[in-house]
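Visitor: Let me begin by handing over the structure; questions about it come next.
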Amino acid sequence: MNPVILNSQQISRAISRIAHEIVEKNSGCDGLALVGIRTRGVPFAKRLQAKIKSIENVTLQLGILDITLYRDDMKTGRSHPEIGSTEIPFPIEKTKIVLCDDVLFTGRTIRAAIDELMDFGRPAGVQLATLIDRGHRELPIRPDYVGKNIPTNKSQRIEVKLKEEDGEDQVVLVDNPQ
Amino acid sequence: MQYSQKHLLGIKDLSKEDILAVLNAADSFKVYTQRDIKKVPTLRGRTIINMFFEPSTRTRTSFEIAGKRMSADVINIAGSSSSIVKGETLIDTVKNLEAMNCDILIIRHNEAGAAELAARYLKNPVINAGDGYHEHPTQALLDLMTIRDHKQTLEGLKVTIVGDIAHSRVARSNIYAMRTLGMDVSVVGPPTMIPVDIEKMGVKVFYNLEKGIQEADVIMMLRIQMERQNKTFFPTLREYSNLFGLNLEKLKKAKKDVLILHPGPVNRGVEISPDVINGPHSVILNQVTNGVAIRMALMYLLLGLNDETVN
Numbered sequence: 801m802n803p804v805i806l807n808s809q810q811i812s813r814a815i816s817r818i819a820h821e822i823v824e825k826n827s828g829c830d831g832l833a834l835v836g837i838r839t840r841g842v843p844f845a846k847r848l849q850a851k852i853k854s855i856e857n858v859t860l861q862l863g864i865l866d867i868t869l870y871r872d873d874m875k876t877g878r879s880h881p882e883i884g885s886t887e888i889p890f891p892i893e894k895t896k897i898v899l900c901d902d903v904l905f906t907g908r909t910i911r912a913a914i915d916e917l918m919d920f921g922r923p924a925g926v927q928l929a930t931l932i933d934r935g936h937r938e939l940p941i942r943p944d945y946v947g948k949n950i951p952t953n954k955s956q957r958i959e960v961k962l963k964e965e966d967g968e969d970q971v972v973l974v975d976n977p978q
Numbered sequence: 080m081q082y083s084q085k086h087l088l089g090i091k092d093l094s095k096e097d098i099l100a101v102l103n104a105a106d107s108f109k110v111y112t113q114r115d116i117k118k119v120p121t122l123r124g125r126t127i128i129n130m131f132f133e134p135s136t137r138t139r140t141s142f143e144i145a146g147k148r149m150s151a152d153v154i155n156i157a158g159s160s161s162s163i164v165k166g167e168t169l170i171d172t173v174k175n176l177e178a179m180n181c182d183i184l185i186i187r188h189n190e191a192g193a194a195e196l197a198a199r200y201l202k203n204p205v206i207n208a209g210d211g212y213h214e215h216p217t218q219a220l221l222d223l224m225t226i227r228d229h230k231q232t233l234e235g236l237k238v239t240i241v242g243d244i245a246h247s248r249v250a251r252s253n254i255y256a257m258r259t260l261g262m263d264v265s266v267v268g269p270p271t272m273i274p275v276d277i278e279k280m281g282v283k284v285f286y287n288l289e290k291g292i293q294e295a296d297v298i299m300m301l302r303i304q305m306e307r308q309n310k311t312f313f314p315t316l317r318e319y320s321n322l323f324g325l326n327l328e329k330l331k332k333a334k335k336d337v338l339i340l341h342p343g344p345v346n347r348g349v350e351i352s353p354d355v356i357n358g359p360h361s362v363i364l365n366q367v368t369n370g371v372a373i374r375m376a377l378m379y380l381l382l383g384l385n386d387e388t389v390n
């Protein structure tokens, strides 16, 4: 059995805490917006949005990024992930953006997300929220809000399941067979 | 759904899954072409060579824009200004281009099979941008994308293709694609322009325009290719226009929600009248817009992404 790192209740508490931290650090919700990175950053961002609404009674703007075309690992003759749509339905000029992703690992996804975000304009600032930080950064990127830090081996995998995508809430650490 | 081919030489080689993989990817790319900043870094550092041995505005520009929007370096070579005029063979030319490490070769040629020949000698992907009377696969894909945009579905639709079927690579690629996707295809034209045995491709033949378009959900008008008419296949342009040209009067026989496509360039007043071109049924410019998205999708699919699961 793979060890369960966070169960449903723990995920919910972590999101609750992050929501409070976001509001505290930004002294409220003025000029703040959430952007989820596909796939599981999106339900994570939506839950933060709902939580912040229950704390401050403000519904933050929510955007979605699909970073497939901004990845740095194009190779010939390999399979290609399907491209989902990016939706940023608000002007990001002068907005403080909180990027939301489920797992922070090498930092390359976040690099791609920041690059894509900049193609929409010049945000006032970009912060990073992640449910799990598993280490092994390859770029100088650090999160502002973390659900849980989990030291991992590079060959291991973190599997985040969220109800909206996977039918249940759970984070497990998976050992890769090789 | 995955695109399984190394090249795009013709629609005949493609399965239903291949075709839908390109169409679905193109739908996503279309969103990027509507942004303020239309460029994505996906193909940064890649080189794409656009080699055209025949005149073209739409297709050549469309490939060039597609490549540039993906951040690739796009080089255009016109046949008339290449070493081909000094007597270099096509095979030698493409091998020399490969020696300069180009990642995709796009080729348009007046001889059928030119793209296939090039592909046989190259390690990297080749896209056929039209070869003689054979195929024009990217045109068929953008036509399908445009039809799906407006009709939401493809399977079961009735399409009528009108004009010089015998000399049309657009018609051939479309017939292959539409039959593969379970669409119902009819062709209309004078008997001299309908190939013998075309029924074997699974299409119905009409020699009368009004009859041919009655049931159609989509009408695709083909250009009368003046440059290919060494022999004449009809007595006069005026007669052709009277019998097979689409105008508002003849359009009354068609369905109210019929869609009208034309691959361009249009001979205004010959195969199609200006009021139909500019009318509410026409999606001719939508085809051009979708062409860029289709070609971006193809470049993306042919060069592929490394699908490691990166958290």
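Just so you know, the sequences run in chain order A and B.
So for the first sequence, our numbering puts the first residue at 801; every next one is plus one.
So for the second sequence, our numbering puts the first residue at 80; every next one is plus one.
Ideal Cβ placement from N, Cα and C applies to all residues, glycine included.
When the Cα atoms are used, what is the spatial distance from glycine 268(B) to lysine 283(B)?
Guide: Reading the second sequence from its first residue, position 189 is the one you call residue 268(B). Reading the second sequence from its first residue, position 204 is the one you call residue 283(B). Cα-Cα distance, rounded: 12 Å.
Visitor: Ordered along the chain, which non-local residues of its own chain (more than five positions away) have a Cβ less than 6 Å from that of alanine 245(B)?
Guide: In the second sequence, the residue the question calls residue 245(B) occupies position 166. Answer for alanine 245(B): Met272 and Pro274, listed in chain order.
Visitor: Check the Cβ of tyrosine 870(A) against every Cβ in chain B and list those closer than 9 Å, keeping chain order.
Guide: Within the first sequence, residue 870(A) is the residue found at index 70, counting from 1. Those are Val119, Pro120 and Thr121, listed as they occur along chain B.
Visitor: By the three-class DSSP mapping on this structure, what secondary structure does isoleucine 933(A) have?
Guide: As a working mapping, residue 933(A) is identified with position 133 in the first sequence. Going by the sequence as given, residue 933(A) is aspartate instead of isoleucine. Aspartate 933(A): strand per DSSP, three-state reduction.
Visitor: Mind checking whether the beta-carbon of glutamine 861(A) lies closer than 8 Å to any heavy atom of the ligand FAD?
Guide: Judged by which ligands are present, the structure shown has none, so any question about the ligand FAD falls away.
Visitor: What residues from the segment 93-108 of chain B come within 8 Å of chain A, judged by C-beta to C-beta, listed N to C?
Guide: Shown in chain order are the members of the segment 93-108 of chain B whose Cβ falls below 8 Å from a Cβ of chain A: Asn103, Ala104, Ser107 and Phe108.
Visitor: Compare the C-beta of threonine 886(A) with all C-beta atoms of chain B and state if any pair is closer than 9 Å.
Guide: For the purposes of this step, residue 886(A) is identified with residue 86 of the first sequence, where counting begins at 1. Yes, threonine 886(A) lies at the interface with chain B (some Cβ there is under 9 Å from its Cβ).
Visitor: Are the beta-carbon atoms belonging to isoleucine 240(B) and methionine 299(B) less than 9 Å from one another?
Guide: Against the second sequence, residue 240(B) aligns to sequence position 161. Against the second sequence, residue 299(B) aligns to sequence position 220. Result yes, Cβ atoms of isoleucine 240(B) and methionine 299(B) sit closer than 9 Å.
Visitor: Considering only DSSP beta bridges, list what valine 804(A) is partnered with.
Guide: Start at 1 with the first residue of the first sequence, and residue 804(A) comes out as number 4. Note: valine 804(A) sits in a beta bridge opposite Val972(A).
Visitor: With a cut-off of 9 Å, does the C-beta of phenylalanine 920(A) fall near any C-beta of chain B?
Guide: Translated into the one-based positions of the first sequence, residue 920(A) becomes position 120. Judged by the 9 Å Cβ criterion, phenylalanine 920(A) is in contact with chain B.
Visitor: At least one CB of chain A closer than 9 Å to the CB of tyrosine 200(B): is that the case?
Guide: Taking the second sequence and counting its residues from 1, one reaches residue 200(B) at position 121. With 9 Å as the cut-off, tyrosine 200(B) does not count as an interface residue toward chain A.
Visitor: Would you call the CB atoms of isoleucine 818(A) and glycine 935(A) closer than 9 Å?
Guide: On the first sequence, residue 818(A) is found 18 positions in, with the first residue counted as 1. On the first sequence, residue 935(A) is found 135 positions in, with the first residue counted as 1. No, they are not a contact pair.
Visitor: Put phenylalanine 920(A) into one of helix, strand or coil per three-state DSSP.
Guide: Your numbering for residue 920(A) matches position 120 in the first sequence. DSSP places phenylalanine 920(A) in coil when its eight states are reduced to three.
Visitor: Once the 5 residues before and after tyrosine 319(B) are set aside, which same chain residues still bring their CB inside 6 Å of it?
Guide: Position 240 of the second sequence, counted from the first residue, corresponds to residue 319(B). Only Phe313 meet the Cβ criterion.
Visitor: Look at the Cβ atom of leucine 939(A), then the Cβ atom of threonine 952(A), and state whether they are nearer than 9 Å.
Guide: As a position in the first sequence, residue 939(A) is number 139, starting the count at 1. As a position in the first sequence, residue 952(A) is number 152, starting the count at 1. With contacts defined as CB atoms closer than 9 Å, leucine 939(A) and threonine 952(A) fail to qualify as a contacting pair.
Visitor: Starting from alanine 157(B), trace the beta strand (DSSP E) both ways and give me its first and last residue.
Guide: Position 78 of the second sequence, counted from the start, is the residue given in the question as residue 157(B). It spans 152-157 - the beta strand (DSSP E) in which alanine 157(B) sits, taken as one unbroken run.
Visitor: State the DSSP-derived secondary structure class of threonine 225(B), mapped to helix, strand or coil.
Guide: Along the second sequence, one-based indexing puts residue 225(B) at 146. Looking at threonine 225(B) - three-state DSSP - the assignment turns out to be helix.
Visitor: Quick check on tyrosine 111(B): buried or exposed, where buried means 16 or more other Cβ atoms within 10 Å of its Cβ?
Guide: Counted from its first residue, the second sequence places residue 111(B) at position 32. Buried is the call here.
Visitor: If we define contact as Cβ-Cβ less than 9 Å, is glutamate 882(A) a contact residue for chain B?
Guide: Your numbering for residue 882(A) matches position 82 in the first sequence. By this cut-off, glutamate 882(A) is an interface position.
Visitor: How long is the line joining the alpha carbons of valine 389(B) and glycine 146(B), rounded to whole angstroms?
Guide: Locating residue 389(B) in the second sequence gives position 310, where the first residue counts as 1. Locating residue 146(B) in the second sequence gives position 67, where the first residue counts as 1. The predicted position of valine 389(B) is uncertain, since its pLDDT is 33 and thus under 50; a value taken from the coordinates is nonetheless stated next. Their Cα atoms are separated by approximately 26 Å.
Visitor: Among the residues of its own chain, which have a CB less than 6 Å from the CB of alanine 929(A), if the five just before and after it don't count?
Guide: Start at 1 with the first residue of the first sequence, and residue 929(A) comes out as number 129. Answer for alanine 929(A): Ile818, Val898, Cys900 and Tyr945, listed in chain order.
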